[in-house]
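Chemist: Supplied in structure tokens, the structure appears directly below.
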Amino acid sequence: MTAPVLRFREIPGLPQLAWVASAAPAGEEVTVYHGSSVERSAEWLVEGVWDDEFRAGAFHSSPHFFGSGIRVDQGRVHFVPSSALVNRLVYCRYRDHIAVSNSLALLLGFTGATLNPAHQYRAETYAIRHGVGRYPRSFTVTHPEIRSFYQLYDESLVLGTGDLTFESPRRAPHITSFEHYRALMAEALDRLRDNYASPERRRPMAAFATISSGYDSAASAALVAPLGITTCFTSRRSNSHIPLWLSRRAAIDDGKPIADRLGLRTVYVDGRARVDADELYFLAPGCAPTMTALHPLARQLQQRGAPAVLFTGFQGDEMWDVNRWERAYQDAGLVRGDTTAVMLSEIRLKAGFVNVAVPSLFARAVRDVSAVSLSDEMAPWRGDSSYERPIPRRILETAGVPRALFGGRKKAIVERRTYPANRALRRDFFA
27 MTAPVLRFRE IPGLPQLAWV ASAAPAGEEV TVYHGSSVER SAEWLVEGVW
77 DDEFRAGAFH SSPHFFGSGI RVDQGRVHFV PSSALVNRLV YCRYRDHIAV
127 SNSLALLLGF TGATLNPAHQ YRAETYAIRH GVGRYPRSFT VTHPEIRSFY
177 QLYDESLVLG TGDLTFESPR RAPHITSFEH YRALMAEALD RLRDNYASPE
227 RRRPMAAFAT ISSGYDSAAS AALVAPLGIT TCFTSRRSNS HIPLWLSRRA
277 AIDDGKPIAD RLGLRTVYVD GRARVDADEL YFLAPGCAPT MTALHPLARQ
327 LQQRGAPAVL FTGFQGDEMW DVNRWERAYQ DAGLVRGDTT AVMLSEIRLK
377 AGFVNVAVPS LFARAVRDVS AVSLSDEMAP WRGDSSYERP IPRRILETAG
427 VPRALFGGRK KAIVERRTYP ANRALRRDFF A
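When you read off a place in the sequence shown, starting at 1, and then add 26, the result is the number in my numbering.
This is the structure:
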């Protein structure tokens, strides 16, 4: 069997972590057009981090992989999405080839396909909320030669057997207690750090975190603080409809008091700062609420001139909440994605950061994690409110963060936009 050949072409002007590949149906030759900050070897291309040594490039078989990549292994080509349901791959059949990309916008440009203004793209945007193995893959586009795009989460698209196949090698251990879960997460995070900081990378990555006054990003920051991370990003204000004068706590989402307890330096992102043309990248992935308030974060990371890891609390709802709605999915062992995180999937390629959603570690063991949350050992960290997450509460309190500083009520910094805030983009939108 002839080994598949990867041919690389770096394209100036592409988002630094973006790539699009054109592959023969049997995978014997793959041409990859990519941005400036991807890592590559003769057998792989990757923009991401995983919990194994960097040199081996075995992200396609890693339990925890964040980012995306292409891997040749045993005569087959694997197109690999993130193990966290915060990013996707998009692919289609195009002119007797398979075209695959980590960017919807790039695949549209590569094929000449367009979106259909008469179609409601809410179905595609929220597809992953159905869960792994249950979401509809088709993505409606207009093109004389292309029936549909398809989006892919969790599973790898594999070429080399004469047809497309889909594989997911990810398995989870049986988790028996909080201490067991906490130890497994610490070990996985240590391996991730060794990977992103590897001197064998062409461009070693620095790491940052996000933090708020809620549960998920705060607990995630507590988990990653021992990795040597020094800086986290936070927003002073939430998008609560309750005015500041009526309830200061409801309107404030400032994570600095927690960051101070964790020994982390805080950088504020000012959601009221002027939005530049990069707003387009926040809007491009779909029609879910956006996190345009993070544009100062994206700008700062891009200005560093090197790729970065950004530890976030995405998928905390799905893994750590104990409300009845989430428990129904947890009890079914069903892992669902985070559409708000998906809305960052284009800007992160331009700014150059990999979204490492800490709660997604061991997400395939969601039944076990839910059982731990509801176990007798967690009773001291479990209350009777509608916003209860005993695992992150225990993580934070064990790290020395008082209960009064976090988890008071559900908050967010997402925005629902019907048209762009940037003046030039808004003018083009209504033209």
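Here a beta-carbon is modelled for each residue, glycine too, at the ideal position from N, C-alpha and C. Owing to the predicted nature of the structure, the values given are computational and were not obtained by experimental measurement.
#1: Let me know the secondary structure DSSP gives Asn-221 once reduced to three states.
#2: Mind checking who Arg-102 pairs with in its DSSP beta bridge?
#3: What's the C-alpha gap between His-60 and Ala-44?
#4: Apply the 10 Å Cβ neighbour rule to Tyr-445 and answer buried if 16 or more other Cβ atoms are within range, or exposed otherwise.
#5: Do Asp-77 and Ala-546 come within 8 Å of each other at the CB atom, strictly closer than that value?
#6: Within 10 angstroms of its Cβ, does Trp-70 collect 16 or more other Cβ (buried), or is it exposed?
#7: Taking just the CA atoms, how far does Leu-323 sit from Asp-286?
#8: Looking only at DSSP bridge pairs, what is Asp-312 linked to?
#9: Which same chain residues, not among the five before or five after Arg-196, have their C-beta less than 7 Å away from its C-beta?
#10: Compute the Euclidean distance between the alpha carbons of Met-461 and Ala-247, then round it to the nearest angstrom.
#11: With DSSP as the reference, please indicate the residues paired to Ser-67 in a beta bridge.
#12: Can you tell me which of the three DSSP states His-156 falls into?
#13: Note down the Cα distance separating Pro-162 from Gln-356, rounded to an integer number of angstroms.
#14: At which residues does the alpha helix (DSSP H) containing Thr-137 begin and terminate?
#15: Which residue's Cα is closest to the Cα of Ala-235: Ala-354, Arg-353, Ala-47, Thr-338?
#16: Can the beta-carbon of Val-126 be found less than 8 Å from the beta-carbon of Tyr-117?
#17: Can you tell me whether Leu-375 is helix, strand or coil according to DSSP?
#18: Could you round the C-beta distance between Leu-387 and Met-211 to whole angstroms and report it? I think they count as a contact, below 8 Å.
#19: So, for Gln-42: in the same chain, excluding its five sequence neighbours on each side, which residues have a beta-carbon less than 6 Å away from its beta-carbon?
#20: Measure the Cβ-Cβ separation of Pro-418 and Asp-216 and say whether it is below 8 Å.
#21: Return the CA-CA distance between Val-72 and Phe-91, expressed in angstroms with no decimal places.
Modeler: From the atom records:
#1: Along the sequence shown, read from residue 1 onward, the residue named residue 221 stands at position 195. Asn-221 sits in a helix when the DSSP states are folded into three classes.
#2: Here the question's residue 102 lines up with position 76 in the sequence shown. In the DSSP output, where bridge partners are listed per residue, Arg-102 has Asp-99.
#3: Numbered from 1 along the sequence shown, position 34 holds the residue referred to as residue 60. Numbered from 1 along the sequence shown, position 18 holds the residue referred to as residue 44. Cα to Cα, the separation comes out at about 6 Å.
#4: The sequence position of residue 445 within the sequence shown is 419, counting from 1. Looking at its Cβ environment, which holds fewer than 16 other Cβ atoms inside 10 Å, Tyr-445 is exposed.
#5: In this structure the chain extends from 27 to 457, so residue 546 is not present and cannot be described.
#6: On the sequence shown, position 44 is the one that residue 70 refers to. Buried: at least 16 other Cβ atoms inside 10 Å.
#7: Within the sequence shown, numbered from 1, the residue matching residue 286 stands at position 260. Within the sequence shown, numbered from 1, the residue matching residue 323 stands at position 297. Near 19 Å, if we compare the C-alpha coordinates of Leu-323 and Asp-286.
#8: As a position in the sequence shown, residue 312 is number 286, starting the count at 1. The amino acid at residue 312 is misidentified as Asp; the sequence shows Gly. Gly-312 is not bridged to any residue.
#9: Numbered from 1 along the sequence shown, position 170 holds the residue referred to as residue 196. These residues qualify, in order along the chain: Pro-89, Ser-109, Arg-390.
#10: Residue 461 is absent from the model: the chain starts at 27 and stops at 457.
#11: Position 41 of the sequence shown, counting from 1, holds the residue named residue 67. Partner(s): Trp-70.
#12: Reading the sequence shown from its first residue, position 130 is the one you call residue 156. His-156: helix per DSSP, three-state reduction.
#13: Position 136 of the sequence shown, counted from the first residue, corresponds to residue 162. Position 330 of the sequence shown, counted from the first residue, corresponds to residue 356. C-alpha separation (whole angstroms): 20 Å.
#14: What you label residue 137 is simply residue 111 of the sequence shown in a count that begins at 1. Segment 130-137, the alpha helix (DSSP H) holding Thr-137.
#15: Here residue 235 corresponds to residue number 209 of the sequence shown, with the count starting at 1. It is Thr-338.
#16: Translated into the one-based positions of the sequence shown, residue 126 becomes position 100. Translated into the one-based positions of the sequence shown, residue 117 becomes position 91. Yes, the Cβ-Cβ distance between Val-126 and Tyr-117 is below 8 Å.
#17: Here residue 375 corresponds to residue number 349 of the sequence shown, with the count starting at 1. Leu-375 falls in the helix class under three-state DSSP.
#18: The residue labelled residue 387 in the question sits at position 361 within the sequence shown. The residue labelled residue 211 in the question sits at position 185 within the sequence shown. Contact holds; Cβ gap of about 5 Å.
#19: Within the sequence shown, numbered from 1, the residue matching residue 42 stands at position 16. Closer than 6 Å at Cβ, skipping near neighbours: Gly-61, Ser-62, Ser-63, Gly-378.
#20: Here residue 418 corresponds to residue number 392 of the sequence shown, with the count starting at 1. Here residue 216 corresponds to residue number 190 of the sequence shown, with the count starting at 1. Not a contact, by the Cβ cut-off of 8 Å.
#21: Position 46 of the sequence shown holds residue 72. Position 65 of the sequence shown holds residue 91. If I take the Cα positions, the gap works out to 10 Å.
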